[in-house]
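Asker: Here it is, the structure, as structure tokens.
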Amino acid sequence: MRGDDAPPRRPRPRAARAVRACRRQRRRGVALLRDTLAAVPDAAEQVHQVYLCEQEGDKLTHAILRRLAEQGRRTHLDAADVHALAVALDDVVDFAEEAADQLGRYAVEAPMEQAETIGDLLVAAAHQVTAALHELRNGMDLADHIVEIHRLENEADQIVRAAVAQLFAHGIDPMIVIRWKDIFETLEESVDACERVANVLEGITLKQRRR
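Sequential numbering of the sequence shown, starting at 132, is according to my numbering.
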């Protein structure tokens, strides 16, 4: 039996490997989206790679969450928290994949600087999400990651609003306006999903403090 002064138990090797793999896969997925936004209109290969990455990311996310659920008593995670976390994590890359798909489906002919900027913010937010998940498994403080995710989401929200307003203000082809508006809103959903992850993690840490 472990003594009170024993160091915290480290994650099992297989679980730790899954966490690292998910972190790499999720960051790769949003990085591929950022590359896709920059490669328009010649982004067919990047769009396909984002799709493949999203599929693999789903598998890794669910594997990690199953392990978190198995260790729920030790990590103070209940079923509702695990479910909310799973949904929000899936949404991050799901919306990223949807935005990449829209670029191809709408036959977008030229990139937009604001979209690339949001892609950069999404990459940064996804990095904070995966780092926070790692800290959660190790029982460490998540506050800095949560604060940074909120900041990045607020910045992305402002850019989306300005970009959509600019689309309407410049009087360009209405179909281009509609297509880019959809893409911007999907990009925003992906960053918003990062914030939903942060909200779930914040709720988990508050519960842990009360116990």
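By construction, the Cβ of each residue, glycine as well, lies at the ideal position given by its N, Cα and C atoms.
(1) Which residue comes first and which comes last in the alpha helix (DSSP H) that contains residue 290?
(2) Pull up the CB-CB distance for residue 227 and residue 331, whole angstroms please, since I reckon it's below 8 Å.
(3) Can the beta-carbon of residue 314 be found closer than 7 Å to that of residue 230?
(4) Spell out a yes or no on whether the stretch 280–296 and the stretch 321–337 are touching, meaning 3 or more CB-CB pairs, one atom from each, closer than 8 Å.
(5) Buried or exposed, going by whether 16 or more other CB atoms sit within 10 Å of the CB of residue 301?
(6) Rounded to whole angstroms, what's the CA-CA distance from residue 253 to residue 341? Just pull it up for me.
(7) Alpha carbon to alpha carbon, how far is residue 237 from residue 191? Give it in angstroms, no decimals.
(8) Report the rounded CA-to-CA distance for residue 249 versus residue 326, giving the unit in angstroms.
(9) Once you ignore the five residues that flank residue 178 on each side, which residues in its own chain have a CB closer than 7 Å to its CB?
(10) Could you check the C-alpha separation between residue 310 and residue 241 for me, to the nearest Å?
Answerer: This is what the structure gives:
(1) From DSSP, the alpha helix (DSSP H) with residue 290 extends over 274–300.
(2) 19 Å between Cβ atoms; not a contact.
(3) Judged by their CB atoms, residue 314 and residue 230 are nearer to each other than the 7 Å cut-off.
(4) Verdict: yes, contact present.
(5) Residue 301 comes out exposed.
(6) Approximately 32 Å, taken between the alpha carbons.
(7) Each residue's CA atom was taken as its position, placing residue 191 and residue 237 some 30 Å apart.
(8) Rounded to the nearest angstrom, the two C-alpha atoms are 14 Å apart.
(9) Beyond the five residues adjoining it in sequence on each side, residue 178 comes within less than 7 Å, by CB distance, of 167, 231, 232, 234, 235 in the same chain, given in chain order.
(10) Distance between the alpha carbons of residue 310 and residue 241 is about 12 Å.
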